[in-house]
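For reference, the structure discussed in these notes is given below.
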Amino acid sequence: TAWRSRFVKVNGVKTHYVEAGEGEPLVLVHGGGPGASGEHGFRQNIPAFAPHFRVYALDLIGYGLTDKPPIEYWEQPMAEHLAGFIDVLCLDKVRLLGNSMGAYVTAKYALEHPGRAVKLLFVSSATIATAMGIPRTETEGMRAMVAMRDEVTNEKMRRFLETLCHDRSGITDELVESRVQMARLPGAQESQRSHGAVRARLRTDPNLRQLFDLTHRLPAVTVPICLVWGKEDRFAPVDQAYALQKLLPNLRELHVLERSGHQCQNDEVERFNEIALKFFLGDA
16 TAWRSRFVKV NGVKTHYVEA GEGEPLVLVH GGGPGASGEH GFRQNIPAFA
66 PHFRVYALDL IGYGLTDKPP IEYWEQPMAE HLAGFIDVLC LDKVRLLGNS
116 MGAYVTAKYA LEHPGRAVKL LFVSSATIAT AMGIPRTETE GMRAMVAMRD
166 EVTNEKMRRF LETLCHDRSG ITDELVESRV QMARLPGAQE SQRSHGAVRA
216 RLRTDPNLRQ LFDLTHRLPA VTVPICLVWG KEDRFAPVDQ AYALQKLLPN
266 LRELHVLERS GHQCQNDEVE RFNEIALKFF LGDA
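In terms of the working numbering, the sequence shown opens at residue 16 and continues consecutively.
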């Protein structure tokens with residue numbers, strides 16, 4: 016399936032997205048890290064989803080080809096950006112799939128706009144785990160990501176991608192180069208640094224922490240949730256998935272993929288696509 020690359024203004028922010036297929040809307044929300052974008056995050060899933068849904072994969076504010084205004088970057092403005100995107104495109108009853116940071120952004124959207132999201136699929140999200148009070152561990156993946164805050168090089172990018180993916184065969188020179196180009200776009204590094212600074216403040220600022228926290232809100236959500244995690248995740252350890260399972264009454268399914276890292280959707284592509292389609296097309 017060929018996808019179309021488009022731009023739309025969302026609350027004054029020029030926003031890039033790709034879309035494919037016809038039918039009810041399925042919105043894919045990528046994770047964080049230098050050079051991340053909707054297309055990079057879901058290039059292997061869009062073709063499988065497009066025969067069943069109209070699929071949208073946007074670049075969040077501060078990422079990809081979307082504008083990177085000098086704001087304070089964290090998940091709240093990203094959730095507001097997602098909400099604006101969904102409104103501008105007049106989407107209703109959306110199915111949402113978020114990876115890592117993107118999963119938190121979709122959760123925040125669902126909580127702040129009751130009735131708009133009909134199903135949520137979270138992939139490997141340490142951000143959600145942290146917001147649910149699960150102890151955060153410093154991982155190899157996080158160290159590789161932080162290493163690029165001062166300078167983005169092909170070598171550092173390759174190391175970062177190697178911590179994301181269990182199957183390294185997909186980490187081609189072209190992929191590394193294209194993500195490096197994205198990560199070097201004007202404003203991209205500033206947005207990464209800003210996000211890092213807010214992250215650090217979460218530990219010390221009780222007001223920010225309260226805004227970020229989901230411990231009471233997410234368990235109350237009535238939307239069906241599916242959780243997919245990679246057993247070999249070197250960013251968000253799989254124990255977090257089992258901890259979340261105990262905390263989310265509306266979690267309908269938990270799938271732990273044996274040969275997947277932090278991006279299950281790019282490691283075990285067929286298995287992941289099958290799980291996602293079954294969940295999104297099912298009656299639950």
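The C-beta atom is built at its ideal place from N, Cα and C for all residues, glycine as well.
CA-to-CA distance, residue j to residue i, given in whole angstroms
{"i": "E247", "j": "H96", "result": "31 angstroms"}
{"i": "H31", "j": "Y124", "result": "19 angstroms"}
{"i": "E192", "j": "G79", "result": "14 angstroms"}
{"i": "F216", "j": "L223", "result": "It should be noted that the sequence gives Arg, not Phe, for residue 216. About 8 angstroms."}
{"i": "N60", "j": "Q280", "result": "7 angstroms"}
{"i": "F295", "j": "V44", "result": "15 angstroms"}
{"i": "D102", "j": "G53", "result": "18 angstroms"}
{"i": "V195", "j": "D165", "result": "13 angstroms"}
{"i": "M160", "j": "V236", "result": "31 angstroms"}
{"i": "S115", "j": "V33", "result": "20 angstroms"}
{"i": "L126", "j": "V120", "result": "10 angstroms"}
{"i": "L200", "j": "T154", "result": "27 angstroms"}
{"i": "A35", "j": "P62", "result": "8 angstroms"}
{"i": "L292", "j": "R151", "result": "31 angstroms"}
Buried versus exposed call for residue i [16 or more other C-beta atoms within 10 Å across all chains shown]
{"i": "K108", "result": "exposed"}
{"i": "D74", "result": "buried"}
{"i": "K83", "result": "buried"}
{"i": "D298", "result": "exposed"}
{"i": "N169", "result": "exposed"}
{"i": "D220", "result": "exposed"}
{"i": "P40", "result": "buried"}
{"i": "C105", "result": "exposed"}
For residue i, the residue or residues it bridges with in DSSP
{"i": "I240", "result": "L135 and L266"}
{"i": "E33", "result": "It should be pointed out that residue 33 corresponds to Val in this sequence rather than to Glu. Answer is S20 and A72, bridged to V33."}
{"i": "G245", "result": "L272"}
{"i": "R158", "result": "None; R158 has no bridge partner."}
{"i": "P40", "result": "R69"}
{"i": "L111", "result": "V42 and L135"}
Chain-order list of residues whose beta-carbon lies under 7 angstroms from that of residue i (same chain, five-residue window excluded)
{"i": "M147", "result": "L229, T230, L233, L259 and L262"}
{"i": "L226", "result": "Q91"}
Contacts around residue i, its chain only, beta-carbon distance under 8 angstroms, and the 5 residues preceding and following it disregarded
{"i": "M172", "result": "P49, G50, M163, V191, R194, V195 and A198"}
{"i": "V238", "result": "A125, A132, V133, K134, L135 and N265"}
Same chain only: Cβ atoms within 6 angstroms of residue i, ignoring 5 sequence neighbours per side
{"i": "G117", "result": "V44, H45 and G46"}
{"i": "H270", "result": "V243 and I290"}
{"i": "D182", "result": "D282"}
**Prompt:** Touch check for the segment 285-299 and the segment 128-140: three-plus C-beta pairs under 8 angstroms?
**Reply:** Yes, the segment 285-299 touches the segment 128-140.
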